[in-house]
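Add 16 to the 1-based position in the sequence shown for this note's numbering, that's all there is to it. We treat Cβ as the ideally placed atom computed from N, Cα and C, and that holds for glycine. Worksheet: the structure to be examined is printed underneath.
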Amino acid sequence: MPELPEVELVRRALEKEVEGASIEAVAFSDFVNKGHATSRKTIIKQDLDTFRSNVSGATIRKVGRRGKYLYFIMEKSDEIFHMVSHLGMSGAFFVTDSIEAIADRNYRKHWQVAFRLEDGRTLSYCDIRRFGEMLTVGRMGDFPPFERMAVEYTHPDSLVDFIDRARAPANRNKAIKAVIMDSAVIPGVGNIYASEALFTSGILPTRKAGNISVKRLMALHKAIADVFDLSIENGGSTISDYRGVSGEKGSMQDRFHIYQKKSCSSCGGPVKTKTIATRNTFYCTKCQR
Ligand SMILES: [Zn+2]
């Protein structure tokens with residue numbers, strides 16, 4: 017599943033390609049149409065006709081990111097609204113001359129939403145496993161996940177916000193790994209970067225958040241920010257299905273210290289694994305406490 021760095025890379029690529037572009041029409045795949053016919057709301061989390069009439073004729077003014085969500089600021093007849101998108105497990109955007117021009121066959125086969133742009137290009141959302149989400153909202157605050165989300169790690173207040181939220185009474189008895197994967201504490205941390213940041217800051221993923229000193233939480237915040245920055249610099253991690261807008265793979269996976277490792281990159285001891293917050297967690301009991 018793409019985490020913050022991978023989504024940020026998609027945002028940067030889309031920004032170059034589609035900011036200022038106007039949407040002429042939108043098409044949905046058979047999967048989306050069939051899902052909606054049986055009220056499963058596949059990908060588009062609102063009525064298809066509403067989505068279509070909102071985005072048709074709109075101009076994309078800005079491509080932004082909040083946590084693992086992308087948002088497009090749209091303008092239409094002097095009104096502003098937002099199109100929010102989550103890549104789910106395996107979503108990807110492509111900007112090509114047509115759907116047929118998407119180089120990767122597997123993605124091409126699994127296009128779900130295709131926006132025909134006025135300049136003749138197509139912005140396609142492809143999703144093999146179809147866990148992605150897309151919808152339009154009037155204000156950003158109208159979308160519940162944004163309402164409770166902590167500030168972005170790049171924001172000057174992120175450190176104080178993070179420490180405050182991590183030490184909230186409700187988190188006191190929770191494993192720190194589960195706490196940092198909550199976007200209400202810090203947005204964008206998924207399973208991979210949680211393991212990496214906890215390793216770098218020397219904190220056991222199972223440790224209760226209430227038993228971690230402020231000094232160590234500060235180190236953890238820095239580790240999260242550093243691993244996000246490093247991953248963005250290295251094109252993100254390509255573990256399974258993630259691809260950039262041009263279909264490229266990242267190389268961050270070659271820089272992991274602990275995630276999916278057999279032996280600890282620091283002491284050489286065996287890497288332990290355990291399911292925390294429903295996902296497999298990697299750690300070293302010698303280097304993390
Ligand atoms: Zn170790």
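Out of curiosity, what's the CA-to-CA distance linking residue i and residue j?
{"i": "SER44", "j": "PHE244", "result": "The question names Ser, but residue 44 is Phe in the sequence shown. Cα-Cα distance, rounded: 33 Å."}
{"i": "SER279", "j": "LYS290", "result": "15 Å"}
{"i": "LEU220", "j": "GLN304", "result": "5 Å"}
{"i": "PHE298", "j": "ASP135", "result": "47 Å"}
{"i": "ASP63", "j": "LYS57", "result": "8 Å"}
{"i": "ALA41", "j": "TRP127", "result": "15 Å"}
{"i": "THR254", "j": "ALA241", "result": "19 Å"}
{"i": "HIS273", "j": "ALA225", "result": "23 Å"}
{"i": "GLU95", "j": "VAL111", "result": "25 Å"}
{"i": "SER174", "j": "ARG137", "result": "38 Å"}
{"i": "MET234", "j": "ASP113", "result": "47 Å"}
{"i": "PRO18", "j": "GLY251", "result": "12 Å"}
{"i": "LYS193", "j": "LEU133", "result": "42 Å"}
{"i": "VAL26", "j": "SER38", "result": "19 Å"}
{"i": "LYS302", "j": "THR216", "result": "13 Å"}
{"i": "PHE109", "j": "ALA200", "result": "26 Å"}
{"i": "GLY51", "j": "ILE60", "result": "9 Å"}
{"i": "ALA210", "j": "MET197", "result": "7 Å"}
{"i": "TYR87", "j": "MET105", "result": "17 Å"}
{"i": "ASN122", "j": "ARG145", "result": "11 Å"}
{"i": "ILE292", "j": "GLY107", "result": "25 Å"}
{"i": "GLU70", "j": "ARG164", "result": "In the sequence under discussion, the amino acid at residue 70 is Asn, which differs from the Glu named in the question. Going from the Cα of ASN70 to the Cα of ARG164 covers about 26 Å."}
{"i": "PRO21", "j": "ILE248", "result": "5 Å"}
{"i": "ALA239", "j": "TYR169", "result": "11 Å"}
{"i": "MET268", "j": "LEU246", "result": "8 Å"}
{"i": "ALA130", "j": "ASP143", "result": "12 Å"}
{"i": "ALA74", "j": "GLU91", "result": "5 Å"}
{"i": "LEU30", "j": "VAL100", "result": "14 Å"}
{"i": "PHE67", "j": "ASP180", "result": "38 Å"}
{"i": "VAL195", "j": "SER93", "result": "43 Å"}
{"i": "GLY266", "j": "GLY36", "result": "27 Å"}
{"i": "VAL287", "j": "LYS190", "result": "22 Å"}
{"i": "HIS10", "j": "GLY218", "result": "The requested residue 10 does not occur in the structure, where the chain is confined to residues 17 to 305."}
{"i": "GLY148", "j": "PHE178", "result": "27 Å"}
Considering only heavy atoms of ligand 2, does any lie closer than 6 Å to the CB of residue i?
{"i": "HIS273", "result": "Among the ligands in the structure shown, ligand 2 does not appear; only ligand 1 can be found there."}
According to DSSP, residue i sits in a beta bridge with which residue or residues?
{"i": "PHE38", "result": "Here residue 38 turns out to be Ser, not Phe, going by the sequence shown. According to DSSP, SER38 bridges with THR75."}
{"i": "LYS288", "result": "TYR299"}
{"i": "GLY107", "result": "ASP143"}
{"i": "PHE131", "result": "VAL42, LEU139"}
{"i": "ALA117", "result": "ALA117 pairs with nothing; no bridge assigned."}
{"i": "SER247", "result": "Answer by DSSP bridge pairing: none, since SER247 is not bridged."}
{"i": "SER279", "result": "PRO286"}
{"i": "ALA191", "result": "LYS224"}
{"i": "THR112", "result": "THR138"}
Complete runs of the alpha helix (DSSP H) confined to the region 55-104 [at least 4 residues]:
64-71
Can you pull every residue whose C-beta falls closer than 6 Å to some heavy atom of ligand 1, listed in chain order?
CYS280, SER282, CYS283, GLY285, CYS300, LYS302, CYS303
Does the region 196-207 come close enough to the region 78-96 to have 3 or more Cβ pairs within less than 8 Å?
Touching, yes.
Count the C-beta pairs between the region 114-127 and the region 156-169 that are closer than 8 Å, then say yes if the count reaches three, no if not.
no
Ignoring anything shorter than 4 residues, give me the alpha helix (DSSP H) runs that lie fully in the region 204-234, in order along the chain.
207-216
Which runs of the alpha helix (DSSP H) fall wholly inside the region 148-187 and span at least 4 residues, in chain order?
Here the runs fully enclosed are 160-163, 174-182.
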